[in-house]
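S.K.: Let me give you the structure first, and then I'll get to my questions.
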């Protein structure tokens, strides 16, 4: 059924393309009787070429909106077959369209194919001998070169071909050649390369950049509707970076930014590289470092409310109630024997887990696994790996889910609960867990997937020595998000196992772990097992808190943190509910904006509304 609906959707889109393009093209004057004067005819031919180029741009834009990965087609096929009105063939990256017929015919040509031997070969009449090559960069946060094909052979060699500019992140550059004139009057679906002889052909090239609406992807690693408050260690550092091309490092708040030494010792250092921006309240906002106005960077008073990503609960992808169900309540890991016990009651962190003497409602182990098909259990590692969507079903007064160890378990086995999120296969979608209540994991939570809840989310961080580049976890909560430190028992065991420990170095050297492998050197010297790394998205209607009271835990974050402080589905401004704070207590802080780690709950593969960013005629 899914493929049938998809094909019907594409058919509808193609139908709309036909109606829109033919109305625009024929209504633009192609049906007018040609003037007898040569000058008038030449002008009309040029107008036909221009309208044909515009028709081609409209076709390509609609194709990209239906499929943002489109690059002129992967096979040789006719996509619109209405000769005399609109006929379009796509052939491995080259597109040729014919609009109208006879004396009122125009054509458009678009090429993505490099025609360099390594690109797929195109059929007869589909080689495009012009230098204008289009590029699709709609799914990338990086920039991509736009090449001009060499006049000799009209092929592209990335090593030598001229590149006038880049295709920016999440955009597509379309170069569409339109043609008109008597030289095309014999052009037809069965004659794609008619002999023009001495007849006139006018050409116009439209250069158009279309792109995604980037408002949901943001432009900063940190957004606080209220204060951003960071308590760092003695001589602590706060470093802010951006990996997206053309996006400088910055921080945004609708209130103030405060950075101070938690111990009242040595002055902290703020490092936001050479191009920095720190936006605070437009009327009286400040950025202070140890109580003194910051000069590097100097705060900019500006209303950033319109810049806050407004990711609505109604827009994000959630696990449906028809997905694998997990009963709400408290799940307790126990040993002797190793097992996971379920209690149909809400979890209270102040009280802790039920005692072992309390009879559970269910017991899960290797012979009776939890949520088979969607969750796999590793009893030795205390891990639950979620590979398919899971919906937390309210049960006996409980609406959320807690996964915790019994008292004394960490010290006894030197391990803690681990919740991993992983795709079932390389082509499978990332899993989602959705809850109506709080999600509490007294252990690590990481991997590729999304956590969506109408309550709060609380979990412990993953050691930077265990984190990796591929982990992209999206946390979306209507309540607050709290990140806790790694328990001392686990830090001690991990430090022995990895040979880390200590308080970290002060020099550079090669990155010690995959999470830092893209950096020239670890930002704060040699990392320790207690240091925490997270890559992905924190998005909350409330506040965000990263609390590492030991005081020496460094925090590495790659992606985006948004404390919206309001319901994005409503017209309310960020911070309207009185929340939206971001609080950090620990050692050093590294924040890196990277939109590739933000797209978890946002669908970049399905149909998308694309906006025209620029339009030129060459």
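Numbering (this note's numbering), first residue to last: 534 to 1151.
No residue lacks a Cβ here, since even glycine has one placed at the ideal position from N, Cα and C.
Below 8 Å on the Cβ atoms is my guess for residue 702 versus residue 670; work out the distance and round it to an integer in Å.
M.R.: Going by Cβ atoms, the distance from residue 702 to residue 670 rounds to 7 Å, so yes, they are a contact pair.
S.K.: With residue 796 and residue 777 assumed to form a contact (beta carbons below 8 Å), what rounded beta-carbon distance in angstroms separates them?
M.R.: Not really, about 35 Å apart at Cβ, beyond 8 Å.
S.K.: Please list, in chain order, all residues of the same chain as residue 582 whose beta carbon is under 7 Å from its beta carbon, the five residues on each side excluded.
M.R.: Closer than 7 Å at Cβ, skipping near neighbours: 639, 711, 712, 713, 735, 736 and 737.
S.K.: DSSP has residue 1093 in a bridge; who is on the other side?
M.R.: Residue 1093 is bridged to 1070.
S.K.: Report the three-state DSSP secondary structure of residue 1048 (helix, strand or coil).
M.R.: Three-state result, residue 1048: helix.
S.K.: How should residue 740 be labelled, buried or exposed, when 16 other C-beta atoms within 10 angstroms of its C-beta is the threshold for buried?
M.R.: With 16 or more other Cβ atoms within 10 Å, it is buried.
S.K.: Give the straight-line distance between the Cα atoms of residue 1048 and residue 682, rounded to the nearest whole angstrom.
M.R.: The straight-line gap from Cα to Cα measures roughly 39 Å.
S.K.: I'd like to check one pair, residue 1024 with residue 1063: are the Cβ atoms closer than 8 Å?
M.R.: Yes; because the gap between Cβ atoms is below 8 Å, this pair is in contact.
S.K.: Which residues bound the beta strand (DSSP E) around residue 966?
M.R.: Where residue 966 is concerned, the enclosing beta strand (DSSP E) stretches over 965-968.
S.K.: Any chance the stretch 1120-1134 sits against the stretch 775-789, with 3 or more Cβ pairs inside 8 Å?
M.R.: They touch, by the three-pair rule.
S.K.: Can you list, in chain order, the residues of its chain with a C-beta nearer than 6 Å to that of residue 1148? Leave out the 5 residues immediately preceding and following it.
M.R.: Once the five neighbours on either side are set aside, the close Cβ partners of residue 1148 are 741.
S.K.: Mind checking who residue 860 pairs with in its DSSP beta bridge?
M.R.: Bridge partners of residue 860: 926.
S.K.: Enumerated in chain order, which unbroken segments of the beta strand (DSSP E) with a length of 3 residues or greater are wholly contained in the stretch 575-624?
M.R.: Counting whole runs of 3 or more residues, the stretch 575-624 contains the beta strand (DSSP E) stretches 609-615 and 619-624.
S.K.: Beta-carbon within less than 6 Å of residue 783's beta-carbon, same chain only, minus the 5 sequence neighbours each way: which residues are those?
M.R.: These residues qualify, in order along the chain: 753 and 810.
S.K.: The alpha helix (DSSP H) that contains residue 849, what's its start and end?
M.R.: Careful: residue 849 lies outside any alpha helix (DSSP H) and carries neither H nor E.
S.K.: How many Å lie between residue 914 and residue 1019 at the Cα?
M.R.: Approximately 16 Å, taken between the alpha carbons.
S.K.: Could you give the uninterrupted runs of the alpha helix (DSSP H) lying entirely in the stretch 699-767, keeping only those of 4 residues or more?
M.R.: Those alpha helix (DSSP H) runs which fall completely within the stretch 699-767 and span 4+ residues do not exist here.
S.K.: Can you give me the C-alpha to C-alpha distance between residue 685 and residue 592, rounded to a whole angstrom?
M.R.: So the two alpha carbons sit approximately 29 Å from each other.
S.K.: Would you mind stating whether residue 709 and residue 677 have Cβ atoms separated by less than 8 Å?
M.R.: Cβ atoms of residue 709 and residue 677: not closer than 8 Å.
S.K.: If you compare alpha carbons, which of 1084, 626, 1117 and 1009 is closest to residue 848?
M.R.: Closest by alpha carbon: 1009.
S.K.: With DSSP run on the structure shown, which of helix, strand or coil describes residue 946?
M.R.: If DSSP states are grouped into helix, strand and coil, residue 946 belongs with the helices.
S.K.: Is it buried or exposed for residue 1153, if we count other Cβ within 10 angstroms and need 16 for buried?
M.R.: Because the chain in this structure spans residues 534 to 1151, residue 1153 falls outside the shown range and cannot be described.
S.K.: By Cβ distance below 7 Å, which residues in the same chain neighbour residue 912 in space, the five residues on each side in sequence not counted?
M.R.: Within the same chain, residue 912 has close Cβ partners 871, 898 and 899.
S.K.: In terms of residues, what are the limits of the beta strand (DSSP E) holding residue 993?
M.R.: That run of the beta strand (DSSP E) goes 990-993.
S.K.: Which term fits residue 1035, buried or exposed, when burial requires 16 or more other beta carbons within 10 angstroms of its beta carbon?
M.R.: Summary for residue 1035: the model assigns pLDDT 40, below 50, so the residue's position carries little reliability; its value from the coordinates is reported in the next sentence. Burial call: exposed.
S.K.: I'd like the span of the beta strand (DSSP E) that includes residue 873, first residue to last.
M.R.: Element bounds for residue 873: 872-876.
S.K.: What is the DSSP secondary structure of residue 1143, reduced to helix, strand or coil?
M.R.: In the structure shown, residue 1143 sits in a strand (DSSP, three-state: E or B).
S.K.: Excluding the 5 residues preceding and the 5 following residue 744 in the sequence, name in chain order all residues of the same chain whose CB lies nearer than 8 Å to its CB.
M.R.: Around residue 744: 671, 701, 703, 704, 705, 1143, 1144 and 1146.
S.K.: In whole angstroms, give me the CA-to-CA distance for residue 1094 and residue 1076.
M.R.: Cα to Cα, residue 1094 sits roughly 10 Å from residue 1076.
S.K.: Measuring only the C-alpha atoms, how far is residue 812 from residue 958?
M.R.: So the alpha carbons of these two residues sit roughly 42 Å apart.
S.K.: Check whether the stretch 619-636 and the stretch 653-660 are in contact - that is, three or more C-beta pairs closer than 8 Å.
M.R.: Judged by Cβ distances under 8 Å, the stretch 619-636 makes contact with the stretch 653-660, as three or more pairs qualify.
S.K.: According to DSSP, is residue 636 part of a helix, a strand, or is it coil?
M.R.: Note: residue 636 maps to helix in three-state DSSP.
S.K.: Does DSSP put residue 696 in a helix, a strand or coil?
M.R.: Correct three-state label for residue 696: coil.
S.K.: For residue 514 and residue 973, which I take to be in contact (beta-carbon distance under 8 Å), what is that distance rounded to the nearest angstrom?
M.R.: Because the chain in this structure spans residues 534 to 1151, residue 514 falls outside the shown range and cannot be described.
S.K.: Assign residue 487 to one of two classes, buried (16 or more other C-beta atoms within 10 Å of its C-beta) or exposed (fewer than that).
M.R.: The requested residue 487 is not part of the displayed model; the chain covers only 534 to 1151.
S.K.: For residue 1003, does the count of other Cβ atoms within 10 angstroms reach 16, so buried, or fall short, so exposed?
M.R.: By the neighbour-count rule (16 or more Cβ atoms within 10 Å), residue 1003 is not buried but exposed.
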